[in-house]
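Under the numbering used here, the residues of the sequence shown are numbered 13 to 545, in order. Note that beta-carbon positions come from the ideal geometry of N, C-alpha and C, so glycine has one too. Remember, predicted model here, so these are calculated numbers, not experimental data. Following: one structure in structure tokens, then a few remarks.
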Amino acid sequence: MNRLNIRLLVSFSLILVISLLLMWLALLLVLRSQPPNTEEISLALASIVIDTTQIATERVNTARQENTETMTARQLLRLSESVLYETLLEQAENTNTRLMIIRGNQCILWDSQDNNGDYPYLLENPITGDLLLSTNRRLSSNIITGIFIDNSGEEWLYSALPVPNVENLLASLAPERIRNTGRTCGSLLEEQPTISYIAALEPYPQQSIRNVIDTYRDDGLFLALIQAVIVGLFFALVASYAIVRWVSNPLNDLANAAKAIAAGRYEERARLYGPEEVQIVAESFNQMAVQVQASRQAQQDFFANVSHDLRTPLTSIQGFAQAIAEGITDGESARRSAAVIHSEAERMNRMVNDLLELAKIQAGRISMAKQRVDITQLLQFVGESLSLKAKQKGITLNIEINKLPHIYGDGDRLAQVFTNLVDNALKHTESGGIIWLRAQVDADGVLVQVEDTGEGIPPEDLPRIFERFYQVDKSRAKLQGTGLGLAISQEIILAHQGKIWVESTYGEGTCFSVWLPVDKKTRATYTTNRPSS
């Protein structure tokens, strides 16, 4: 596994782990915001209050029976009160709960946490509770449960049970204590008969993440969740590994293809597979590789052709100069040798100048002197300037040019292009042939065509017709120039945001077409019909 695969896999794994942790944390927070489950606590409190009530009732009754003959009624009342409170306090300590005796829903007759014995007292917030314990495991239909707030502001969960067996005792205790302490629960005891309850209380549970975890761990859900996360993470990592390979493998192939191109193996291509975006990159790379290979081949052909075209005049110059130097030629022969040397030197000079011009145009270092150009007048001038040469070769030059809109360009450079095209047609058309120089409005531009009935261009040479020094092209076989005219013409037309192309039927003739955009400031509508050839 390469470094890219490892980085992608580690990245996917971290994202998955972080996502799962965030999801888990969010789940815990949601569960934490839910109210706690108090049903089990209420059941436990109900069990405590039932046991406490039974124990207290039995002890009070036993104490009263054992002392009925030896004590007065008031003494029995005090004894019963003492036994009741001792039993409740003992049960509160044993069960670690808070126990109360409540009269009605507001009067507290006894409280296990009131160490100072400061009761009875009134609750600032009356108790409200459920009539029945909401559970299928109902311990008693008389038990009520609920939540209340004591006078210190603390919330408590409680379960309470009526105490009819000690009701008379409690009913007697309350007025006695009220009279003894000089305090009252209001008119509650005097105005209406109320029921007394023994209640067991626990602080209302506060939900926390620890409680949530403990709850779900006890229920087995926590372990199931961890197992689900582990299984999900495993399959997610397997899927991530497959995705990583699906993405990285074509990228690795693309990188290897790029290395091959850099090493000079220009025929190397990248395979098209994997994600659509990677395939688009690979296809673009392959197109680039084709262009690089073609450019490399053109460069090799260029050096070969330059070497050939320079070697020919140099050989002529060297041969005739050597003849003159050795005195082999004299008089008229020497003058002809000198003329050949001068002609070949001029040819080399033109070649060098054309190469420099082409390089400058391609590099954008030659600025076109663009202005509004009357293309009609320019084409008429080109045709008329070459009509004499056509007449001398016995070739008919037909000029078919209607009134055309102005274009924006370099008139001298454009004249160079059209002169080169017509001159090439003259060189490749035999005596008795015909050449047409046509121009007409086409869409938002001007279409200029130079067509001849010459020898034509073989189909295999058409794609390379505008390359520099393409000697295989039959259209250049008889040229005595530099072989750069069409390449320079193409660069000039491209610099004018135009297009140039060629159509040819070998043995019948060739047609070069040039399209140039019309000057926007002088654009008009021209209705023309293309002349039939």
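Beta-carbon proximity check, residue i vs residue j, cutoff 9 Å
| i | j | result |
| --- | --- | --- |
| Gly468 | Gly521 | yes |
| Pro529 | Tyr420 | yes |
| Ala451 | Leu391 | yes |
| Ile207 | Val61 | no |
| Leu20 | Val256 | yes |
| Leu433 | Ile504 | no |
| Leu449 | Val514 | no |
| Leu367 | Leu496 | yes |
| Gln305 | Glu279 | yes |
| Ala301 | Arg281 | yes |
| Gln118 | Leu134 | yes |
| Tyr131 | Leu57 | no |
| Ala68 | Gln103 | yes |
| Asp422 | Ala371 | no |
| Ile407 | Thr441 | yes |
| Pro217 | Thr50 | yes |
| Val72 | Ser59 | no |
| Glu463 | Phe524 | yes |
| Phe478 | Gln509 | no |
| Ser307 | Phe24 | no |
Separation of residue j from residue i, as counted between CA atoms
| i | j | result |
| --- | --- | --- |
| Ser399 | Gln299 | 45 Å |
| Thr465 | Ile446 | 6 Å |
| Glu136 | Ile30 | 50 Å |
| Ile18 | Gly165 | 59 Å |
| Ile411 | Lys439 | 18 Å |
| Ala402 | Leu409 | 6 Å |
| Val394 | Ala269 | 50 Å |
| Glu396 | Asp386 | 16 Å |
| Ala254 | Val290 | 16 Å |
| Ser349 | Ala337 | 11 Å |
| Arg480 | Lys511 | 18 Å |
| Gln334 | Leu498 | 35 Å |
| Phe247 | Asn154 | 55 Å |
| Thr64 | Leu213 | 13 Å |
| Ile552 | Gly244 | No information on residue 552 is available, as it lies outside the stretch 13 to 545 that the chain covers here. |
| Leu88 | Leu101 | 20 Å |
| Arg191 | Phe160 | Confidence is the limiting factor: at Arg191 the pLDDT is only 47, short of 50, which leaves the residue's position unreliable, though a coordinate-based value still follows. C-alpha separation (whole angstroms): 28 Å. |
| Asp531 | Leu416 | 11 Å |
| Asp454 | Ala351 | 48 Å |
| Trp258 | Asn361 | 59 Å |
| Arg115 | Ile139 | 11 Å |
| Gly331 | His354 | 13 Å |
| Arg150 | Ile53 | Summary for Arg150: the model assigns pLDDT 44, below 50, so the residue's position carries little reliability; its value from the coordinates is reported in the next sentence. Roughly 13 Å between the two C-alpha positions. |
| Leu144 | Leu32 | Any reading at Leu144 is ruled out, since the residue's pLDDT is 41, under 50, leaving its predicted position unreliable. |
| Ala346 | Ala357 | 16 Å |
| Ser296 | Val526 | 29 Å |
| Asn261 | Lys271 | 15 Å |
| Tyr8 | Glu288 | This structure cannot settle anything about residue 8, because the visible part of the chain is limited to 13 through 545. |
| Asn365 | Asp435 | 19 Å |
| Ile292 | Asn414 | 47 Å |
| Ile156 | Ile120 | 16 Å |
| Arg277 | Phe315 | 20 Å |
| Ala240 | Asn106 | 42 Å |
| Thr80 | Glu167 | 42 Å |
| Arg476 | Gln404 | 31 Å |
| Glu70 | Asn163 | 32 Å |
Alpha helix (DSSP H) segment containing residue i, residue limits
| i | result |
| --- | --- |
| Asp63 | Glu51 to Glu78 |
| Val434 | Gly423 to Lys439 |
| Ala104 | Ala85 to Thr107 |
Endpoints, the beta strand (DSSP E) within which residue i is located
| i | result |
| --- | --- |
| Val526 | Gly521 to Pro529 |
| Ala499 | That residue, Ala499, is in no beta strand (DSSP E); its alpha helix (DSSP H) goes Gly497 to Ala507. |
| Val458 | Gly457 to Asp464 |
| Val453 | Ile446 to Asp454 |
| Arg281 | Arg281 -> no beta strand (DSSP E), and no H or E assigned at all. |
| Glu412 | Thr408 to Ile413 |
| Lys511 | Lys511 to Thr517 |
| Ile156 | Ile156 to Ile161 |
| Ala275 | Per DSSP, Ala275 belongs to no beta strand (DSSP E) and is neither H nor E. |
| Ser171 | Glu167 to Pro174 |
| Lys210 | For the record, residue 210 in the displayed sequence is Ile; it is not Lys. Here the beta strand (DSSP E) through Ile210 covers Ser208 to Pro215. |
| Ile113 | Arg110 to Arg115 |
| Ile469 | Segment: none, Ile469 is in no beta strand (DSSP E) and carries neither H nor E. |
| Ile120 | Cys119 to Asp123 |
Next on the checklist: List, from N- to C-terminal side, the alpha helix (DSSP H) runs of 4 residues or more that fit wholly inside the stretch 307-395.
Outcome noted: 344-375
Checklist entry - When the Cβ atoms of the stretch 119-127 are set against those of the stretch 102-111, are three or more pairs found closer than 8 Å? => result yes
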